[in-house]
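In the numbering used here, the protein residues as written are 265 to 757.
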């Protein structure tokens, strides 16, 4: 068997049959090949076909070599087909062994997938903060007593000497200055929530969570807000810089608001007649906001004239990992603008959350490592037990001409096949563990989805480790089998 492709095919066939305990089929094939080779040798020597067969059978029955002893013992069982009960017992034993190895590897890979996904904290936090908008923004707030009651990232500013009352921090004209001073921020805006009264009963199906009877909430915002919120424009246009600068009486409404406001036909250009909304506003756009502001039915330009200035300013990012940089740049800007006349407080909620998640993740990883070590040792013990129980088979293979390299390569390939199967099943187990974790805890807190996301990187890592583990823990048993002499293998078995 000098052809490399035929040799590889032979190894693969032998290893596959070894998984399911079909050594007898392998021995039968090699014994038949051995007999065919002897017959061919006699034919080349000039014998007739009948004479060559008789000579070969005579050699098998008369020779005192290990190979002939094996042939006399195994030919009646393998070539003639006997010992069905023993063959079935061996088959089930091998199936159970293979199943135990695959289960051990699968559990190991499953834990690796789950833990690796959990350890990928930076990606997880990025996923946590992708929605809602409040989790991707930093607010600068004028606070009364330096106390902040907000779950997100907040920079609170208290003017010294006037503590106890909210102070105006900015004007609309300051937004461009802040954009230049905080380049890490992708959006700079302000927002103020107000409630409006309408004669329509807003409790009909499709009304809003924050709506009670005929009261609906609106938000007065600057133009960057809707871009930061990544709303989907369904019709019309969004608010523009010109709308905000001119404080035009226009509004962008949510699609869900059309029914409770009894707006029919094309909503663009229709006027809204609501109490507390003076003057009447014209609809310029319809948007789908998904989970953003479920209690808000519309967005209008920020009216700085009615507030005297801005007490709440917000800076948002598309990539949540930039939040720390934004917070640092905001602190530098506040210090440069007011110096020692202000006191700055911060509330890095998500940073603290990330630190807590890391501690928990590394604790889980420690326990998982112990479990993986035990599983790996079990895999090695099972592989070694498989080899020791197959000594007679390996001795027969050697007597039929299989080399030590053949035996070692076939066993290593068999272990690799088990590792591959365990890796595939382990990936499924890992996904199941993540799903069980996400479904067994409350994963929505402060508007953040704290479930652990599935990671293809962790799957690739777990699958690779399964292959490596199967190879490493198969090398020693394979070496033991390859070093065994033919006579010892047959005698010990």
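Each residue gets a CB set at the ideal place from its N, CA and C atoms; glycine is no exception.
Under 7 Å Cβ to Cβ from residue i, same chain only, skipping five residues before and after it: list those, please.
i, result
"residue 498", "519, 550, 551 and 552"
"residue 370", "686, 689, 690 and 693"
"residue 364", "646"
"residue 491", "451"
"residue 425", "The predicted model places residue 425 with a pLDDT of 46, which falls under 50 and marks its position as unreliable; any figure quoted below should be read in that light. Taken in chain order, the list of residues that qualify is empty."
"residue 728", "none"
Could you check where the beta strand (DSSP E) with residue i kicks off and where it finishes?
i, result
"residue 518", "514 to 518"
"residue 577", "576 to 580"
"residue 561", "560 to 565"
"residue 498", "496 to 500"
"residue 452", "451 to 453"
Do residue j and residue i have their beta-carbon atoms positioned less than 8 Å apart in this structure?
i, j, result
"residue 565", "residue 503", "yes"
"residue 366", "residue 675", "no"
"residue 453", "residue 486", "yes"
"residue 401", "residue 579", "yes"
"residue 434", "residue 548", "no"
"residue 514", "residue 484", "no"
"residue 530", "residue 536", "no"
"residue 311", "residue 301", "no"
Taking the alpha carbon of residue i as the reference point, which residue from the options has its own alpha carbon closest?
i, options, result
"residue 450", "586, 536, 595 and 507", "586"
"residue 506", "527, 668, 436 and 320", "436"
"residue 440", "458, 488, 483 and 457", "488"
"residue 360", "508, 318, 650 and 303", "650"
"residue 684", "438, 373 and 442", "373"
"residue 601", "319, 546 and 438", "438"
"residue 567", "509, 302 and 727", "509"
"residue 679", "735, 699 and 312", "735"
"residue 738", "495, 443, 546 and 652", "652"
"residue 648", "670, 603, 362 and 458", "362"
"residue 512", "546, 534 and 528", "546"
"residue 493", "727, 603 and 397", "397"
Could you pull out every residue in the same chain whose Cβ sits closer than 6 Å to the Cβ of residue i, ignoring the five residues on either side in sequence?
i, result
"residue 521", "561"
"residue 307", "316"
"residue 742", "672, 675 and 676"
"residue 563", "483, 485 and 516"
"residue 740", "none"
"residue 667", "none"
"residue 477", "Low confidence applies to residue 477: its pLDDT is 45, below 50, so where it sits in the model is not reliable enough to give any reading."
"residue 458", "482"
"residue 443", "452"
Which residues share a DSSP beta bridge with residue i?
i, result
"residue 458", "482"
"residue 549", "500 and 516"
"residue 434", "574"
"residue 536", "545"
Beta-carbon within less than 8 Å of residue i's beta-carbon, same chain only, minus the 5 sequence neighbours each way: which residues are those?
i, result
"residue 446", "452, 579, 590, 593, 594 and 597"
"residue 337", "Confidence at residue 337 is low in this model, with a pLDDT of 42, below 50, so its placement is unreliable and the value that follows should be read with caution. Counting only Cβ-Cβ distances below 8 Å, and skipping sequence neighbours, we find nothing."
"residue 470", "Reliability of the predicted coordinates at residue 470 is poor, the pLDDT of 37 falling under 50, and the value obtained from them is presented with this limitation in mind. These residues qualify, in order along the chain: 520, 523 and 524."
"residue 747", "668"
"residue 448", "581, 586, 589, 590 and 593"
"residue 532", "499, 500, 547, 548, 549 and 550"
Can you give me the start and stop residues for the alpha helix (DSSP H) that residue i sits inside?
i, result
"residue 598", "587 to 602"
"residue 442", "439 to 445"
"residue 505", "505 to 510"
"residue 490", "488 to 492"
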